[in-house]
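For reference, the structure is listed below as structure tokens.
Dropping the structure here:
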């Protein structure tokens, strides 16, 4: 079975599972391009985020990355081979994976990643890492921010234990580009660009999920630029999210 066929089957199965266990609302799906390089960035609340990443795009040239800790799992090694996934060491610079990602982006594939690097223990945004900013600066690919909530591990366990459906929302923002890197100010550029990326994600989330970026003025600027219909402060969240 080819990678494309296997990935299509995976999406069919995952979408069926989500329909059974959750009510999923997705806004801005049209912002994900059908072709061409792009870097999709999202917050990371729980294990279900990985499923959301797979189903949010129908593209079969999606670059999937799996954390190094899952290499010991027979299932994840098997699944990773079938979808041509890349193993990512999150705790040190992984030059091999970095080179492969750059190569694939430069051939027009699409990458999904969480700049925070790991699931948030506070259920709100953590400070972002510079990987996404670096890749965007090297490839010139557009960045597509996504804010997801309702996938917190605590909430998922509580809801399913009581046989209640999950309520998951995903907001996909408009693509944006980073300015060219000034090599003389590399560190400052990466920090500023990472902040810009994370503020775009934060603006798509209700304030309770913005965490490290809650008080960044740029978040409020971006939020005010959004159509009224999708501004996150209009959300009335399920009280289960806070208990």
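Residue numbers (my numbering): 1 to 243.
Every residue gets a Cβ at the ideal spot worked out from N, C-alpha and C, and that includes glycine.
- Counting only the Cα atoms, residue 68 lies some 19 Å from residue 128.
- Within the DSSP bridge table, the entry for residue 167 names 23 as partners.
- Residue 42 carries a strand assignment under DSSP once its states are collapsed to helix, strand and coil.
- The beta-bridge partner set that DSSP reports for residue 65 consists of 86.
- Residue environment for residue 193: buried (at least 16 other C-beta atoms within 10 angstroms of its C-beta).
- Contact between residue 125 and residue 212 holds, with the beta-carbon distance rounding to 5 Å and staying under 8 Å.
- Rounded to whole angstroms, the Cβ separation of residue 219 and residue 203 is 5 Å, and the two are in contact under 8 Å.
- When 215, 180, 221, 176 are compared, the shortest CA-CA separation from residue 37 is found for 176.
- DSSP places residue 113 within a strand segment (E or B) once states are collapsed to three.
- Taking a 10 Å sphere around the C-beta of residue 161, we find fewer than 16 other C-beta atoms and assign the residue as exposed.
- Residue 12 counts as exposed, since fewer than 16 other C-beta atoms from the protein chains shown sit within 10 angstroms of its C-beta.
- Exclusion of the five residues before and after residue 59 leaves 110 as the residues of its chain whose Cβ lies within less than 6 Å of its Cβ.
- Annotation: the continuous alpha helix (DSSP H) that includes residue 95 extends over 95-106.
- At a Cβ-Cβ threshold of 7 Å, residue 221 and residue 31 do not count as neighbours.
- At the C-beta level, residue 141 and residue 63 stay beyond 7 Å of one another.
- For the pair residue 146 and residue 168, the CB atoms are not nearer than the 7 Å cut-off.
- Taking a 10 Å sphere around the C-beta of residue 43, we find 16 or more other C-beta atoms and assign the residue as buried.
- When only Cα atoms are considered, residue 205 and residue 163 end up about 26 Å apart.
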